[in-house]
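What follows is a single structure, written as structure tokens, with notes after it.
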Amino acid sequence: MRIRLARRSDLPLLQAIERAAGEPFRTLGMSRVADDDPPPLELLNGYHEAGRAWVTTGPDNRLLGYLIADEVDGSAHVEQVSVHPSAARRGLGSALIDHVAGWAAAGGLRALTLTTFSHVPWNAPYYARLGFRVLTESDLTDGLRRIRAEEAEHGLDRWPRVCMRRDVPHLTETVRPQ
571 MRIRLARRSD LPLLQAIERA AGEPFRTLGM SRVADDDPPP LELLNGYHEA
621 GRAWVTTGPD NRLLGYLIAD EVDGSAHVEQ VSVHPSAARR GLGSALIDHV
671 AGWAAAGGLR ALTLTTFSHV PWNAPYYARL GFRVLTESDL TDGLRRIRAE
721 EAEHGLDRWP RVCMRRDVPH LTETVRPQ
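The numbering used here applies: residue 571 is where the sequence shown begins, and numbers increase by one.
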């Protein structure tokens, strides 16, 4: 497995990964999520140009997953992380998240945040295993409140959702002097 910045030529493949990653939601009665369109190419290109889109590839260099992130209120916000179902349960999602945690630390950001479905096994319970904690309403920053409002407008509040956070150690805390 290799993680690298996404290339412009990768962007249509990210859409294909997103479509495939949405399919398992059908088994939970969440067909609307499965049917949701992937991020448009122009949006993905914005992440690409900003250097905030990463992909993971297999030994054959085939794209298996991706992560796009924003900076929100001093934290790296995981806007989307998706792994193709054929490559699920291999640690690719957690590797992408750890990679972005390193990027966040190098940029002086203090945490990773994300929004997710609270009862979907590969959502909130998964992120809790990766060290994320659910934020209370009083813990939410203005940026996270804005994101949640946009999600509600998009209809994602049909199912319970939460905001989560994982602190990111600063590089000085993770690098020991020799």
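We treat Cβ as the ideally placed atom computed from N, Cα and C, and that holds for glycine.
Residue i by DSSP, collapsed to three states: which one?
i: Thr518; result: Because the chain in this structure spans residues 571 to 748, residue 518 falls outside the shown range and cannot be described.
i: Gly713; result: helix
i: Gly677; result: coil
i: Ala658; result: coil
i: Val651; result: strand
Considering residue i, what are the terminal residues of the beta strand (DSSP E) in which it resides?
i: Trp624; result: Ala623 to Thr627
i: Glu641; result: Leu633 to Val642
i: Val690; result: Looking at the DSSP string, Val690 is not in any beta strand (DSSP E), and its letter there is neither H nor E.
i: Asp605; result: Looking at the DSSP string, Asp605 is not in any beta strand (DSSP E); the run it does join, the alpha helix (DSSP H), is Ser601 to Asp605.
In whole angstroms, what is the alpha-carbon distance linking residue i and residue j?
i: Val738; j: Gly635; result: 22 Å
i: Thr744; j: Ala676; result: The predicted position of Thr744 is uncertain, since its pLDDT is 48 and thus under 50; no value can be drawn from it.
i: Asp607; j: Ser688; result: 21 Å
i: Asp630; j: Arg574; result: 14 Å
i: Ala674; j: Met600; result: 32 Å
i: Leu666; j: Pro695; result: 17 Å
i: Ala623; j: Thr711; result: 23 Å
Could you tell me if residue i is buried or exposed, where buried requires 16 or more neighbouring beta carbons within 10 angstroms of its beta carbon?
i: Leu714; result: buried
i: Ala620; result: exposed
i: Pro609; result: buried
i: Pro747; result: Caution applies to Pro747, whose pLDDT of 45 falls short of 50 and renders its modelled position unreliable; the model cannot decide the point.
i: Gly592; result: buried
Just to confirm the assignment, what range does the alpha helix (DSSP H) spanning residue i have?
i: Leu575; result: Element bounds for Leu575: not the alpha helix (DSSP H) but the beta strand (DSSP E), Arg572 to Leu575.
Stretch-stretch touch, CB-based, cutoff 8 Å, three pairs: the region 639-647 with the region 573-591: no
Below 8 Å, can you find three or more Cβ-Cβ pairs linking the region 696-707 to the region 680-687? yes
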